[in-house]
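Residue numbering for the sequence shown follows my numbering, starting at 34 and increasing by one per position. The C-beta atom is built at its ideal place from N, Cα and C for all residues, glycine as well. To keep things clear, I will list the structure first and then write my remarks on it.
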Amino acid sequence: MVLYLAEKKVLAEAIAEALPGAAQSTGGVIYKGDNVITWLSGHLLALKDPEDYNPDFKKWDLSVLPLYFPNWENKPGKGNEERVKQIGELIKKADTIVNCGDVDEEGQLLVDEMLRWFNYNGVCKRLDTANTTIPALKKALSRMKDNSEMENDGYSAYARQVSDMLFGINLTRYYSKKYNALLTVGRVQTPTLGLVVNRDLQIESHKKVFYYTLNGMLTVADNRFSIKYTPEKDLPELTDGKFLSDVFLREIVTDFSGKTLSYTVKKERQKKSAPLPYNLTELNKDCGKKWGYNPDRVMRITQSLRDDFSAITYNRSDCQYLSTEHFREAPGTIKAACKNLSIDATQFDSSIKSRAFNDANITAHFAIIPTETDVDVAKLSTEQKNVYELICRQYLAQFMPQCVEEKTNIMTPLSLNGKSIGKFEGTETVIISPGYLAFLKPEKAIEKKDDEDSAEDENAIGLSNLNPGKYDGIISSEKDFRIDKKVTKPPQRYTQTDLYDDMTRISKYVDDPAIKRLLEEKDKDKKGENGSIGTSATRAEIITKLIKNGYLEEQDTGKKKILISTAKGRTFYKMLPESIKKADTTALWWVIQEDIKAGRKPYNALIEKVLETVTKVVNGSIAPSEDTDMSKLVQSNDKPLCKCPSCKGDIIKGKFGPYCKQKCGFVMGMVCGKKVNETEFVYLCQGKKVMMRGLKKKAGGTFDAYVQSKGIEEFSYEKDGTVYNGKRLKFDFTFPTRRR
């Protein structure tokens, strides 16, 4: 028997389709003759918690830190026990196993760790899953490598996994016990907090500086055009590139009013391609701009589009490119998307091969695009339809002509008292042929773009009417000049979407050139990421945790929701040692991970390095940046999480979980035997639909379902001979649509 272990169900189904023979599916396994295909749905195993080694370690105690366990062991993740057992039985029967994880370090690890868990020592191959189209998978199946050639990639991921655990649990316990408050620390979450803290400090320390600009209305052959003055960069009158006084500008006005100068007009035509299909980062940006959806919301919407409707491809992708095979499949995808959204398909040309179709730019994933599935959009919620249509339209735009623009520039150099002082210039861009813009952004298809800072005149005639050449031009009088007084503005507050975006390029905030270079080198093969921290799959969750843990708070300005660091978050971040709170940690770990992948160092090299740092912190060898009494800044547990669905009182945190402050009797601890976390609690109280995995069946086993409240019911229970009455939610369960 040949067992194919895929990372995700959709990949398992694609592999099954690429293999010969008739398929039979049962219990999460696909059978095709001697081939058996199943999937892991990510990491089924997790690292053991300290208390799994010793129950005494459940209590947080400074005296036992740092906690470290050589060859840190795994255990089945919560709710995964039955699935792990099922796959274990398949592994025992297999003569050959094929690792079908994603072609990155984590994809290698999540299969390899299962093989080690069950002590598998038989033949093991590695399938290249970079391109998951059926023709590409057929080719990959014919030229598989030995899995041992890629094992170091998995060990690199394991080293990072253990190091994150080592870093997080020890430093979180250390600072929490030291300052008598829950103070979480993480390799990614802490520098992410730093982005917001530093932005807030920039805004609050900003000092307004007034500066001046000069614009004018130029007359050329009875036509009037907007122009602006652009100074030479080395003018002594400039301070940080700005005129802090209008004296010099007034001198220009006096000298050039009524003076005829020779201007040069140039034209340039530019072709612009449609924007690339979405990855999760770019999708977050557009959903945030259009509807104010935060990254966590976009993740939930896209997950439901994928799980319930099979409407889109893998939704956590960091890639914006597609393969040549995707191009060959385009006619079917175009037809399905247009049918689903009632879009005229004749406007798209499947023979147009946009820059998106580039095999060299494919990573472990490819862009988020629609599938060929028939989708009944009437069954989609408003937000699901919004996001589905956005993804479809971005994909369909790839099959339209480029937008052709014509840019007209007019310019003359300026001299004053025999010295070059800059130039008068103006630009205007008009659209010659809208191409994809007519479909994707029709409001911009007839747009005319001028200089942002140019003067305004209702009688102005478009600069684009002029042909290339030399012209005499004049700014007739001082009244045709305009000196504007402006003021510098601080940077804008972060939104969740902005913060997510900056996590993909945190290197631009790194001062150390060596660290900046390392972060950028880490992402050299990732289009759309440039010196990042976190991954597309984890960033939204990290931001949500920073809010949940009281480090950040979200404020609604009426126009948008902004993120601001709390006193707790700001003070804690400022106090942390420099060596553990910056993105430097990710860069330095990456260097060692690369050595592990190349076989130059064992996986313990990274773990031992992190242990050394953690030990120095908990032993006091690494001093804090600022010594602060953090206990004074602990946020009260009385801050409401949401409103009670029974009495409309406040739900607050308690020692044993959230509860109603009015003590109306409302409780919610578990749903079908699974403990409800705080986020799920809030969403269920608000009537939202929540995907819950690992719910327990009465007959044994587990299941996944969308859970939504449908009202309140009373219940009673007996404890120590006393009967207690309470209130709880009633639930509706809906099940994800199975893919075919």
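Have a look at L271 and R388 and give me their C-alpha separation to the nearest angstrom. Cα to Cα, the separation comes out at about 42 Å.
With the cut-off set at 8 Å, would you say V35 and V131 are in Cβ contact? With contacts defined by Cβ atoms closer than 8 Å, V35 and V131 form a contacting pair.
To the nearest whole angstrom, what separates the beta carbons of I776 and T366, a pair I think is in contact under 8 Å? Here the chain comprises residues numbered 34 to 773, so residue 776 is not present and cannot be evaluated.
L585: first and last residue of the uninterrupted beta strand (DSSP E) it sits in: Here the beta strand (DSSP E) through L585 covers 585 to 589.
Does the beta-carbon distance from R220 to F243 come in below 8 Å? No. Outside cutoff.
Compute the Euclidean distance between the alpha carbons of S76 and G110, then round it to the nearest angstrom. The sequence given here has His at residue 76, not Ser. Looking at the two C-alpha atoms, the distance is approximately 8 Å.
Does A254 pass the burial test, meaning 16 or more other C-beta atoms within 10 Å, or should it be called exposed? Under this definition A254 is an exposed residue.
Segments of 4+ residues assigned as alpha helix (DSSP H) that fall wholly inside the segment 160 to 231: Counting only runs of 4 or more, we get 167 to 174, 184 to 212.
Am I right that V218 and R603 are in contact with their C-beta atoms under 8 Å? What's the rounded C-beta distance? With a Cβ gap of about 15 Å, V218 and R603 do not count as contacting.
From A39 to L73, what does the alpha carbon distance come to, in whole angstroms? A straight-line Cα-Cα distance of about 6 Å links A39 and L73.
Rounding to the nearest angstrom, what Cα-Cα distance links N492 and L277 in this structure? Confidence at N492 is low in this model, with a pLDDT of 48, below 50, so its placement is unreliable and the value that follows should be read with caution. Here the alpha carbon of N492 sits roughly 31 Å from the alpha carbon of L277.
Taking DSSP as the reference, what is the three-state secondary structure of G777? No answer is possible for residue 777: the residues shown for the chain start at 34 and end at 773.
Inspect the beta-carbon positions of T223 and L585 and report whether they are closer than 8 Å. No; because the gap between Cβ atoms is not below 8 Å, this pair is not in contact.
Of the residues E747, K560, F699, I507, the one placed nearest T252, counting alpha carbons only: Ranked by how close their Cα comes to the Cα of T252, the residues E747, K560, F699, I507 have I507 in first place.
Would you say S679 touches the ligand ADP, meaning its beta carbon is less than 7 Å from a heavy atom? Within the structure as shown, the ligand ADP is missing, as the structure has no ligands at all.
Curious, which full-length alpha helix (DSSP H) runs of at least 4 residues does the segment 266 to 337 contain? You should have 280 to 289, 313 to 324.
Taking the alpha-carbon positions, what's the K108 to L639 distance? For K108 and L639, the gap between their C-alpha atoms comes out near 22 Å.
What number of angstroms, rounded off, separates the C-alpha of R159 from the C-alpha of I629? Straight across, the Cα-Cα distance linking R159 with I629 is about 19 Å.
Which of the three DSSP states is assigned to D351 in this structure? Note: D351 maps to coil in three-state DSSP.
Is the CB-CB distance between I443 and Y296 below 8 Å? Contact: yes.
So does the segment 116 to 132 actually touch the segment 140 to 160, counting three or more Cβ pairs closer than 8 Å? Yes, since at least three Cβ pairs between the segment 116 to 132 and the segment 140 to 160 fall closer than 8 Å, the two stretches touch.
Beta-ladder partner(s) of A39, from DSSP: Bridge partners of A39: W72, C133.
Beta-carbon gap between P264 and I454 smaller than 8 Å: The criterion of a C-beta distance shorter than 8 Å is satisfied by P264 and I454.
Backbone CA spacing between T677 and H239 [nearest angstrom]: In the sequence on display, residue 677 carries Cys and not Thr. Within the model, the alpha-carbon separation for C677 versus H239 is close to 41 Å.
Would you tell me roughly how many angstroms separate the C-alpha atoms of A397 and S356, rounded to the nearest one? Computed Cα separation, rounded: 12 Å.
Sorted by chain position, which residues of the same chain lie with C-beta nearer than 7 Å to D774's C-beta, five sequence neighbours on each side aside? Residue coverage of the chain in this structure runs from 34 to 773, which leaves residue 774 outside it and unanswerable.
Would you give the residue range spanned by the beta strand (DSSP E) that V408 belongs to? Boundaries for V408: no beta strand (DSSP E) harbours it, and the DSSP string shows neither H nor E there.
For K210, which of D288, P99, W93, L282 has the nearest alpha-carbon? For K210, the closest C-alpha among the options D288, P99, W93, L282 is that of W93.
For S749, does the count of other Cβ atoms within 10 angstroms reach 16, so buried, or fall short, so exposed? S749 should be labelled exposed.
Between the Cα of D137 and the Cα atoms of V117, N394, M183, which residue gives the shortest distance? Minimum Cα-Cα distance from D137 among the listed residues V117, N394, M183 corresponds to M183.
List the DSSP bridge partners of Q57. According to DSSP, Q57 bridges with Y64.
The alpha helix (DSSP H) that contains K118, what's its start and end? Note, K118: alpha helix (DSSP H), 114 to 126.
Spell out a yes or no on whether the segment 731 to 746 and the segment 756 to 765 are touching, meaning 3 or more CB-CB pairs, one atom from each, closer than 8 Å. Here the segment 731 to 746 lies against the segment 756 to 765, with 3 or more beta-carbon pairs under 8 Å apart.
Go ahead and pull the three-state DSSP assignment for P769. If DSSP states are grouped into helix, strand and coil, P769 belongs with coil.
Among all the DSSP beta bridges, which residues are the ones paired with F258? According to DSSP, which records beta bridges pairwise, F258 is partnered with L251.
Can you tell me whether T263 is helix, strand or coil according to DSSP? Strand.
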